[in-house]
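Residue numbers (the UniProt record's numbering): 1 to 202.
Right, one structure below, let's go through it.
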Ligand SMILES: Cc1cc2nc3c(=O)[nH]c(=O)nc-3n(C[C@H](O)[C@H](O)[C@H](O)COP(=O)(O)OP(=O)(O)OC[C@H]3O[C@@H](n4cnc5c(N)ncnc54)[C@H](O)[C@@H]3O)c2cc1C
């Protein structure tokens, strides 16, 4: 967590695994909002593991790799509402745990020191990108179903972070201004070509 002065000793980072409708179906979640149900399920499991009151389940990286519970003597955490030693390797479906473990082992090869009993994993990060997307026209940015509606940014399923949300908003703003006749210039002549404008696939 860098805070405004970017001088904190903590890293602001999450390990992310791509999930798909197959993962949702494996937990018996179906339909347009199956991804939201999947998010909710993992968040509920984490809340139960933490024991309530926003206490977060944690496990050292070394214990996560060896699939054993961390002892009571945990390394320091930046999370302020409390942490509880838990079996995070049991929180996720087995193949997600395996993907995380494999990635950590790979990171260690690239960045020796990544695997350490001082490194504490906190569960669970479920909000990297929206599990739903509102369809829109890739040129006008207008909703394909509702005239005058501009689905933009993370919630609409077109961004997965601060910068991508800001850039998407910039393009959508120009597109809306053009559609309303407020500007005549081509958006790309002003901003250059957006790499992922239009329907983004995650
Ligand atoms: C805890 C956390 C940590 C994160 N850390 C990072 C990070 O380190 N790096 C990174 O790149 N991204 C991070 N993100 C993601 C990033 O914050 C979002 O992707 C980004 O802010 C999305 O921007 P947005 O404009 O699409 O949506 P938002 O920032 O959510 O803006 C939506 C706005 O719409 C308003 N709103 C909602 N409903 C209505 C309504 N009915 N009427 C009027 N207004 C309404 C809301 O109040 C809000 O102001 C993090 C997110 C969270 C939650």
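Glycine included, C-beta positions come from ideal geometry on N, C-alpha and C.
So, is residue i buried or exposed, given that buried needs 16 or more other C-beta atoms within 10 angstroms?
i, result
"residue 199", "With a pLDDT of 46 at residue 199, under the threshold of 50, the modelled position of that residue is not reliable, and no figure is offered here."
"residue 197", "For residue 197, the predicted structure reports a pLDDT of 48, less than 50, and the residue's modelled location is therefore unreliable. The matter cannot be settled from this model."
"residue 139", "exposed"
"residue 7", "exposed"
"residue 201", "Because residue 201 sits at a pLDDT of 42, beneath the cut-off of 50, its placement in the model cannot be relied upon, and the following sentence gives the value as read from the coordinates. Residue 201 should be labelled exposed."
"residue 71", "exposed"
"residue 10", "exposed"
"residue 59", "buried"
Starting from residue i, follow its DSSP beta bridges and name the residues at the other end.
i, result
"residue 57", "84"
"residue 7", "According to DSSP, which records beta bridges pairwise, residue 7 is partnered with nothing at all."
"residue 143", "136"
Taking 7 Å as the cut-off, does the CB of residue i come closer than this to any heavy atom belonging to ligand 1?
i, result
"residue 67", "no"
"residue 155", "yes"
"residue 35", "no"
"residue 234", "Lying outside 1 to 202, the shown extent of the chain, residue 234 is not represented and no answer is given."
"residue 123", "no"
"residue 132", "no"
"residue 96", "no"
"residue 16", "no"
"residue 167", "no"
"residue 40", "no"
"residue 163", "yes"
"residue 6", "no"
"residue 136", "no"
"residue 127", "yes"
As a quick exercise: from the options, pick the residue whose alpha carbon is nearest that of residue i.
i, options, result
"residue 17", "77, 129, 133, 157", "129"
"residue 105", "36, 135, 63", "63"
"residue 84", "115, 97, 50", "50"
"residue 45", "111, 100, 88, 160", "88"
"residue 103", "9, 15, 5", "15"
"residue 54", "67, 61, 79", "79"
"residue 131", "192, 4, 19", "19"
"residue 180", "192, 191, 147", "147"
Ligand 2 heavy atoms versus the CB of residue i: any closer than 7 Å?
i, result
"residue 12", "As presented, the structure is devoid of ligand 2, carrying ligand 1 as its sole ligands."
Quiz prompt | Complete runs of the beta strand (DSSP E) confined to the region 9-52 [at least 3 residues] | solution = The region 9-52 contains no whole beta strand (DSSP E) run of 3 or more residues.
Quiz item: If you scan the region 98-138 from start to end, which runs of the beta strand (DSSP E) of 3 or more residues do you find wholly inside it?
Solution: Listed in chain order, the complete beta strand (DSSP E) runs (minimum 3 residues) inside the region 98-138 are 120-122.
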